[in-house]
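2 protein chains.
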Amino acid sequence: MSNDPLVVFTPSGKRGHFAKGTPVLTAARQLGVDLDSVCGGRGICSKCQVSPGYGQFSKHGVTVAQDALSEWNSVEQRYQDKRGLIEGRRLGCQAQIMGDVVIDVPAESQVHKQVVRKRAEARDIVLNPPTKLFYVEVLEPDMHDPSGDLERLCDALRDQWELENVKADLQILQTLQPALRKGAWKVTVAVHLGDDENPPRIMHLWPGFYEGSLYGVAVDLGSTTIAAHLCDLQTGEVVASSGVMNPQIRFGEDLMSRVSYSMMNEGGAAEMTRAVRAGMNTMFDEISAEGGIDKGLIVDAVFVCNPVMHHLFLGIDPFELGQAPFALATSNALRLRAMDLDLNIHPSARVYLLPCIAGHVGADAAAVALSEAPDKSDDLVLVVDVGTNAEILLGNRDKVLACSSPTGPAFEGAQISSGQRAAPGAIERVEIDPVTKIARFKVIGSDLWSDDPAFEAEIGASGVTGICGSGIIEMVAEMRVHGIVDAPGLIGTAEQTGSANVFADGRTNSYLVYDGTADGGPRITVTNRDIREIQMAKAALYSGARLLMDKFGVDKVDRVVLAGAFGAHISPKHAMILGMIPDAPLDKVTSAGNAAGTGARIALLNTSSRAEIEETVRNIHKIETAIEPRFQEHFVNASAIPNAVEPFPILNSIVTLPTETFNTGGDSSGGTRRRRRR
Amino acid sequence: MSNDPLVVFTPSGKRGHFAKGTPVLTAARQLGVDLDSVCGGRGICSKCQVSPGYGQFSKHGVTVAQDALSEWNSVEQRYQDKRGLIEGRRLGCQAQIMGDVVIDVPAESQVHKQVVRKRAEARDIVLNPPTKLFYVEVLEPDMHDPSGDLERLCDALRDQWELENVKADLQILQTLQPALRKGAWKVTVAVHLGDDENPPRIMHLWPGFYEGSLYGVAVDLGSTTIAAHLCDLQTGEVVASSGVMNPQIRFGEDLMSRVSYSMMNEGGAAEMTRAVRAGMNTMFDEISAEGGIDKGLIVDAVFVCNPVMHHLFLGIDPFELGQAPFALATSNALRLRAMDLDLNIHPSARVYLLPCIAGHVGADAAAVALSEAPDKSDDLVLVVDVGTNAEILLGNRDKVLACSSPTGPAFEGAQISSGQRAAPGAIERVEIDPVTKIARFKVIGSDLWSDDPAFEAEIGASGVTGICGSGIIEMVAEMRVHGIVDAPGLIGTAEQTGSANVFADGRTNSYLVYDGTADGGPRITVTNRDIREIQMAKAALYSGARLLMDKFGVDKVDRVVLAGAFGAHISPKHAMILGMIPDAPLDKVTSAGNAAGTGARIALLNTSSRAEIEETVRNIHKIETAIEPRFQEHFVNASAIPNAVEPFPILNSIVTLPTETFNTGGDSSGGTRRRRRR
């Protein structure tokens with residue numbers, strides 16, 4: 001048994017004996033305890049704060065005396081006077097071990113901090129960004145042993161931080177000499193720690209000790225919206241978030257029209273590339289201003305996007321993505337320089353693009369896989385990212401399958417007669433009265449139901465303007481539950497349905513939701529054509545999921561995760577009545593919000609997650625729905641509401657769907673037309 | 001014993017048994033025989049031509065029958081019809097082994113061809129450039145197993161050429177898809193094979209089989225002149241050479257004045273950086289035009305230069321190089337992208353800068369070390385690169401030492417009263433008549449001596465304009481031999497020297513070389529001040545060499561190599577009379593021409609030589625003359641002609657130097673002033 005004092009670190013539980021006088025930081029390093037330090041133990045950075053515990057620790061078998069650590073020293077006193085230490089804290093690099101002691105490393109003193117995510121079921125993000133700060137003291141030049149300033153800086157990084165083979169960008173060489181001299185041969189260096197394509201590389205340096213932070217952006221580059229999070233790479237915090245329209249919209253609302261634009265116009269792809277990069281730079285300006293930081297401190301950027309945006313952003317003509325076999329120029333993850341993409345952030349900033357899964361399942365789907373981790377799930381999870389194309393993942397620890405399915409824009413309110421984007425005034429919640437068969441609803445911007453006396457007054461400014469995607473889903477599901485629409489998707493007559501709101505509308509019937517014409521507002525109806533659009537969209541989604549279930553060899557899934565901003569607003573019950581998603585317990589249908597954006601943030605903050613998702617994507621089995629014969633069959637079955645053949649037992653235990661049909665020989669075949677991908 | 005036929009390859013002597021029907025190329029690859037192929041054995045490139053030998057080969061113990069190889073096939077016939085094969089040649093990929101055979105691989109079919117250098121004593125260059133061509137057949141995209149076109153191209157490179165982990169620049173991604181389709185999934189790819197900072201990377205690709213070559217430039221970036229060789233990377237040949245003035249000259253003739261310019265003028269360093277890069281681009285335009293190639297095919301560039309040019313070219317302010325301790329921003333070799341230096345060659349072109357040895361011993365000295373390889377010499381060699389600064393290397397297999405010494409510009413004809421740059425009309429050879437003590441001379445542009453009756457007519461156009469560096473060396477040496485200048489460097493009176501050409505010139509004497517004033521030409525004289533300048537220059541050079549000899553622990557060297565364009569014109573005898581170089585057998589004093597440029601060419605053509613010179617430079621022991629007390633002592637001794645203390649026994653066995661001195665109490669102490677570095 002050693003006579004040296006015993007040190008126990010919590011929460012890791014790592015323990016060891018150290019000679020009296022050993023600094024706590026030294027002990028932590030020797031034991032591999034995750035205790036941060038930027039200044040390397042020189043009492044400058046205060047990142048190594050620890051909380052010693054005193055008294056009896058029976059769990060660890062240690063009794064800690066009051067003098068277990070050395071007395072408060074002048075460095076700690078100076079820090080206390082200047083900035084203040086939290087009560088009970090010590091600087092790990094100053095406090096020396098004098099007796100048995102239990103040392104707690106608070107979360108903020110850990111290098112690999114856990115960044116907590118809001119959703120209870122989501123794994124925390126381990127903070128481990130590729131670029132970190134290191135304070136070093138560099139040897140001065142010596143004519144007897146001439147070497148470059150850079151080489152001596154690299155020697156310091158090797159000797160003081162065990163960083164081997166560090167290189168520097170040209171712009172570092174151009175600023176190195178004055179910085180070293182201004183800092184009296186003490187500098188803080190931002191080092192990108194390297195990856196499989198690059199050795200470690202100095203990104204930036206500051207004379208003396210740099211007290212600031214480094215930043216990164218996680219960007220979800222959507223066809224419509226560019227959403228970004230500006231993150232502090234030292235704390236993992238989101239400093240600012242931003243969402244701007246993708247300036248490419250002027251070249252076409254959906255992706256196929258942008259591909260067409262590039263085909264029809266010489267230089268069109270390059271024009272769209274310039275537009276999206278310019279949009280990105282505007283966004284960087286805005287988000288930096290909002291976060292109150294210098295955008296030159298953004299040293300890393302992670303992008304997720306669908307394959308067409310991926311190619312256009314990189315300056316690759318998306319021509320091949322517009323036709324079978326939908327060949328990507330590259331599918332692997334990309335490590336680039338921000339400069340090569342004309343991005344005006346730090347001149348040495350890096351860019352990471354997540355891998356694409358297939359020609360229609362992009363880096364955005366990979367990011368969803370990183371965020372929702374079906375490959376780490378014990379139960380079988382279906383992850384659906386609902387958008388103009390739905391990306392669908394199905395899997396568990398054993399295997400993950402992926403496909404995309406062309407849902408079309410109906411879920412975004414497009415191609416629906418009273419449809420609109422989600423915005424104040426849009427109907428988002430619907431309930432039909434079982435007796436009167438009249439709908440009441442809520443609109444975005446108000447919590448009141450439309451039959452509340454205060455409703456009209458409260459929504460005054462926006463009025464009722466239309467139905468958004470989640471509204472139309474609830475609408476159609478409610479119509480189905482209350483016998484206004486039958487299983488094949490036909491709206492009955494007022495007589496058949498018993499609803500005074502149904503009216504004959506040409507060869508079919510329509511349902512009146514809201515009549516604001518008296519006040520100059522819209523008349524909002526659901527036409528049978530609207531029902532058909534929703535049927536096609538949901539059938540595409542369901543049949544993609546069902547195809548993956550076939551390939552997996554299962555008839556049911558344990559849980560369903562709805563990803564995408566839209567997914568966050570869908571009512572699980574209504575989605576299941578519609579037959580959008582497979583039958584599952586309602587409490588097992590959850591929303592992940594913008595999972596693609598979260599995946600981008602994980603990849604930004606945790607460099608290990610990059611190799612991880614690349615490996616995951618390599619192992620994902622891709623299914624191309626276009627060449628799967630059963631897809632068509634599933635699509636036809638899924639056109640019925642909820643489904644012509646699937647039993648949906650869990651759904652049927654909750655609601656009883658009318659079995660009556662309204663077919664009187666007219667159009668009732670359901671929307672079996674396939675649409676091409678958007 | 002195998003019953004399979006025996007194949008013996010010459011000149012390697014590698015041998016082995018192979019099943020009948022094995023193509024010669026396959027056998028060569030399995031034995032590790034250096035047989036080239038770009039198309040991978042598909043009968044397209046014709047790089048694998050071999051010469052089978054028939055009959056009795058007693059040395060190899062083989063008798064080769066006429067049917068030892070398969071008959072001429074249709075691929076060979078087609079090649080013969082289209083381009084013609086040299087008599088007796090076969091295509092190694094087509095000819096199959098049918099019986100015992102001896103196969104000669106001609107030099108041009110070897111991958112690692114030897115590029116022969118002109119000088120007998122110089123090692124040949126092994127051709128092994130970092131970028132090579134590979135023809136591949138790529139799998140078409142498959143919707144059942146989606147992957148990017150790049151990933152399938154990389155798979156092809158792995159499967160067909162054993163190239164692992166190949167990456168691509170962004171610009172390749174932007175051109176990849178149309179090229180693959182245009183070439184019907186067959187492409188030729190230029191791959192940079194990677195180095196310690198970079199994985200292998202695709203530089204360029206061509207649809208189908210590319211019949212052209214790739215090019216590189218080796219640039220010696222001097223203070224005055226930029227000299228470049230454009231080389232074919234497939235053959236090693238120099239396609240064109242170019243020399244242009246360094247446009248930085250307008251900021252200052254010598255390096256110190258450029259450093260001053262950058263110190264005195266805000267943005268001056270950046271201005272000089274722009275100037276030299278622009279000059280480089282002009283040079284690339286010219287050299288490509290001269291070589292008749294597209295400059296976009298220049299994929300590699302190697303630069304050697306002194307430390308100040310090195311920094312200015314890289315955009316680093318050379319401020320620190322202007323003052324002790326002469327700290328380089330970086331001393332290691334640099335691997336950069338041409339784009340980062342604003343060089344308009346191939347967009348993915350690489351740049352390699354050789355390492356600097358010390359603050360005054362630059363990448364040019366490293367290139368001399370690579371070319372002259374003192375570290376591989378069995379005998380002790382002194383390598384002197386004579387310029388405004390002399391870089392001096394001394395060493396053998398055991399050890400190499402290096403220093404620089406501030407010779408000043410006297411050897412370039414500057415600061416000499418009648419001095420000029422080497423140009424037509426400049427005196428370059430001198431002989432003084434032992435009896436009349438009158439000089440005769442030759443000028444650049446003529447082979448006649450000045451006492452030849454046809455001389456005046458022949459040089460008519462240029463006239464006699466001044467004395468260049470090599471001329472002044474011979475002049476002073478001849479004056480010393482013939483008793484016009486004494487050992488301390490004093491010109492005697494006409495009476496003391498017995499020369500009618502000596503005349504009193506203020507407080508000292510001068511020597512008339514040529515009087516062209518009657519025809520409106522110059523009066524060319526050597527003043528005692530000129531002698532002092534030459535004394536200082538040669539003393540600096542000698543004392544640097546002598547210091548290295550001290551450090552090495554020797555009193556003599558086995559051989560002396562004079563490098564630099566100037567070195568090529570120095571008469572070894574006169575240099576030794578002057579005491580510029582240590583005493584050595586005259587036939588052991590040779591000229592290496594532009595050894596720095598040759599070193600750049602070696603680094604360009606042979607990628608292995610880069611790691612080699614980096615290792616060599618790491619092991620070179622640098623001596624800083626400025627802080628060596630003995631340097632001053634050596635300098636004072638070396639001010640005498642040839643030397644106040646060194647015996648020069650070999651020199652004395654060839655010439656007898658007068659011992660008389662002219663000191664009459666006036667200025668005769670020899671030039672012991674030190675000059676600052678240029």
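If you're matching them up, the sequences are chains R and Z in order.
Using the UniProt record's numbering, the first residue of the first sequence is number 1, and each one after it goes up by one.
Using the UniProt record's numbering, the first residue of the second sequence is number 1, and each one after it goes up by one.
Ideal placement from N, C-alpha and C gives every residue a C-beta, glycine not left out.
*Opening and closing residue of the beta strand (DSSP E) in which Val238/R lies*: Taken as a continuous stretch (DSSP letters only), the beta strand (DSSP E) holding Val238/R covers 238-245.
*What residues match up with Pro23/R in a beta bridge as DSSP calls it?*
Gln96/R
*Who are the neighbours of Phe635/Z on chain R, taking C-beta pairs under 9 angstroms?*
Per Cβ cutoff of 9 angstroms: no residues; Phe635/Z is ~18 angstroms from chain R at best.
*Step through the CB atoms of chain R and report whether any lies within less than 8 angstroms of the CB of Leu394/Z.*
no
*Tell me whether Asp558/Z sits in a helix, a strand or coil according to DSSP, three-state version.*
coil
*Using a Cβ-Cβ distance under 8 angstroms, would Gln177/Z count as near chain R?*
yes
*Indicate whether at least one CB of chain Z lies closer than 8 angstroms to the CB of Gly359/R.*
yes
*Could you name the residues of the same chain whose beta carbon sits closer than 6 angstroms to that of Leu380/Z, not counting the 5 residues immediately before and after it, in chain order?*
Asn396, Val557, Asp558
*asked:* In the DSSP output, what is Cys305/Z paired with across the bridge?
replied: Leu221/Z
*So with Cβ pairs under 8 angstroms, would you call Ala327/R a contact of chain B?*
Absence of chain B from the displayed structure is noted, the protein chains being R and Z.
_Residues of the region 610-639 of chain R with Cβ closer than 8 angstroms to any Cβ of chain Z, in chain order_ = Lys622, Glu624, Ala626, Ile627
*For the alpha helix (DSSP H) holding Leu370/Z, just list the boundary residues, first then last.*
363-372
*Helix, strand or coil at Ala596/R according to DSSP, with G and I counted as helix*: Reduced to three states, the DSSP call for Ala596/R is helix.
_Alpha-carbon spacing of Ala454/Z relative to Gly460/Z, whole angstroms_ = 10 angstroms
*How many whole angstroms separate the CB atoms of Lys543/Z and Ala568/Z, which I take to be in contact at a CB cut-off of 8 angstroms?*
One detail in the question is off: residue 543/Z reads as Ser in this sequence, not Lys. Between Ala568/Z and Ser543/Z the Cβ distance is about 23 angstroms, and since that is not below 8 angstroms, they are no contact.
*Per-residue contacts from Leu340/R into chain Z (C-beta, under 7 angstroms)*: Going by the sequence as given, residue 340/R is Asp instead of Leu. By Cβ distance, chain Z contributes Leu170.
*Under 7 angstroms Cβ-Cβ, which residues of chain R neighbour Pro199/Z?*
Glu197
*Pull up the CB-CB distance for Gly236/R and Lys437/R, whole angstroms please, since I reckon it's below 8 angstroms.*
Incorrect: roughly 52 angstroms between the Cβ atoms, too far for contact.
*For Gly395/R, which three-state DSSP category applies?*
strand
*Residue-level contact to chain R via CB, Leu354/Z, 8 angstroms cutoff*: no
_Against chain Z, does Pro5/R count as a neighbour if the rule is that its beta carbon must be under 8 angstroms from one of theirs?_
no
_Against chain R, does Asp142/Z count as a neighbour if the rule is that its beta carbon must be under 8 angstroms from one of theirs?_
Residue-level contact check: Asp142/Z touches chain R, since one or more beta carbons of chain R fall below 8 angstroms from its beta carbon.
*asked:* Output needed for residue 718/R: all residues of its chain with C-beta closer than 7 angstroms, excluding positions within five of it in sequence on either side, in chain order.
replied: Shown here, chain R extends from 1 to 678; a query on residue 718/R therefore has no answer.
*Taking Ile472/Z and Ile524/Z to be in contact with their CB atoms under 8 angstroms, please state how far apart those CB atoms are, rounded to whole angstroms.*
With 8 angstroms as the limit, Ile472/Z and Ile524/Z do not qualify as a contact, their Cβ atoms being about 11 angstroms apart.
*Could you give the residue range of the alpha helix (DSSP H) that holds Ile654/Z?*
649-654
_Separation of Val485/R from Glu660/R, as counted between CA atoms_ = 9 angstroms
_For a cutoff of 8 angstroms on Cβ pairs, would you count Asn265/R as touching chain Z?_
Under the Cβ criterion of 8 angstroms, Asn265/R is not counted among the residues facing chain Z.
*chain Z contact for Ser331/R (CB, 8 angstroms cutoff)*: yes
*Delimiting residues of the beta strand (DSSP E) encompassing Leu69/R*: Looking at the DSSP string, Leu69/R is not in any beta strand (DSSP E), and its letter there is neither H nor E.
*From which residue to which residue does the alpha helix (DSSP H) around Gly268/R run?*
268-291
*Can you have a look at Lys82/R and say buried or exposed, based on whether 16 or more other CB atoms are within 10 angstroms of its CB?*
Answer is exposed; the Cβ neighbour count stays below 16.
*Quick one: using the 10 Å Cβ neighbour count with 16 as the cut-off for buried, is Asp587/Z buried or exposed?*
exposed
*When the Cα atoms are used, what is the spatial distance from Gly362/R to Pro325/R?*
Straight-line Cα distance between these residues: approximately 15 angstroms.
_Partner residues on chain Z for Lys167/R, Cβ-Cβ distance less than 8 angstroms_ = Glu197
*What's the gap between the Cα of Glu646/Z and the Cα of Val476/Z?*
19 angstroms
_Contact set between Gly315/Z and chain R, taken where Cβ atoms lie within less than 9 angstroms_ = Within chain R, the residues near Gly315/Z are Leu170, Gln171, Leu173, Gln174.
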